[in-house]
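For what it's worth, my numbering labels the leading residue of the sequence shown as 11, then goes sequentially.
No residue lacks a Cβ here, since even glycine has one placed at the ideal position from N, Cα and C.
A short worksheet on the structure shown next.
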Amino acid sequence: MVQARPWPYPRWIAHRGAGQLAPENTLAAFRLGASHGYCMFECDVKLSSDGIPFLLHDDSLTRTTNAPNKLGAQSSVTGGSHPWSTLAQLDAGSWHSRRFAGEPLPTLEAIARYCLRNAYFLNIEIKPTAGLERLTGDVVARHAARLWQNASVPPLLTSFQVPALEAARAAQPDLPRGLLLAVLWPGWLETAQSLGCVAIICDHVLWDQVSLTQAKSAGFKTLSYTVNDEATARRLLDLGVDGLITDRVDLFTPVSPCA
11 MVQARPWPYP RWIAHRGAGQ LAPENTLAAF RLGASHGYCM FECDVKLSSD GIPFLLHDDS
71 LTRTTNAPNK LGAQSSVTGG SHPWSTLAQL DAGSWHSRRF AGEPLPTLEA IARYCLRNAY
131 FLNIEIKPTA GLERLTGDVV ARHAARLWQN ASVPPLLTSF QVPALEAARA AQPDLPRGLL
191 LAVLWPGWLE TAQSLGCVAI ICDHVLWDQV SLTQAKSAGF KTLSYTVNDE ATARRLLDLG
251 VDGLITDRVD LFTPVSPCA
């Protein structure tokens, strides 16, 4: 059984900052999520080509930045193939709406400082560019340990990528980890145990009485993504799920103080 430390995180977590109400994985999204009462946020972190952890969900820059226009048709659209000096020049807000035009991609350091300054909690999903799973897990964990070294509550590091979590554990074993699951593949519970995880984060449809009992009996906290309607939220809360990640920061209001 996992011997988890006391669970310090609130139940409601804003997905990529503010779900779909602002450009995902930007500081503007975090600020908007906070304005709706959220004090824990989920974000995706990968590495620039020169090793700077920054926020981006997709491997490609095309969906959420102006990279094709800014960098030219012959330039790679893979975020991890560019140095931070190039990525920092991109507009990561205009794709969403005119209101957010010019919003930049943030570094993990910038997000960390915002969260620490405001006593917010963070779930860092390690989202490696293909082939960089171990390097990304290692670098993100080391940066997280440095940035939160004086904080009372560390960030929760999660990933779908087992090698990334293995590397994070090797680099900073004291940082809490969670295994992300899109399906309950054979050995999911044993893998979470072998990784020393404290939490399992599933697609919400995967949690039922059987799977939840399995996870909780093994000592894991249980979280769900992405919970965007009241019926789903009620089902999960009735089951006893510990955390809900949502896009609908306008629909669900965390209990004060942030629970």
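The beta carbon of A225 sits closer than 6 Å to those of I210 and T232, all from its chain and outside the five residues before and after it, given in chain order. The residue among L199, Q219, K56 and L31 with its C-alpha nearest the C-alpha of T88 is K56. Counting the other CB atoms within 10 Å of its CB gives G188 a total of 16 or more, which places it among the buried residues. Taking 8 Å as the cut-off, the beta carbon of V208 is found closer than this to the beta carbon of P186. N160 sits exposed, since fewer than 16 C-beta atoms from the chains shown fall within 10 Å of its C-beta. By the CB criterion at 8 Å, T242 and D257 fall outside the cutoff.
The secondary-structure analysis by DSSP pairs K231 across a beta bridge with A209. Contact check for T36 against P116 passes: the beta carbons are separated by less than 8 Å. DSSP places A98 in the coil class of the three-state scheme, outside both helix and strand. If you compare the alpha carbons of A155, S162, W195 and S234 with that of A178, the shortest gap goes to A155. Collapsing the DSSP output to three states places N238 in coil.
Annotation for L42: G27, A28, L31, A32 and V259 place their beta carbon closer than 8 Å to its own, counting only its chain and skipping 5 residues before and after.
Boundaries of the alpha helix (DSSP H) around N128: L118 to N128.
Ranked by Cα distance from P18, the first of C49, A44 and G61 is C49. Assignment of beta-bridge partners to I62 by DSSP yields no partner.
When the five nearest sequence neighbours on each side are left out, the beta carbons in the same chain lying within less than 6 Å of the beta carbon of P164 are those of W158 and L185, in order along the chain.
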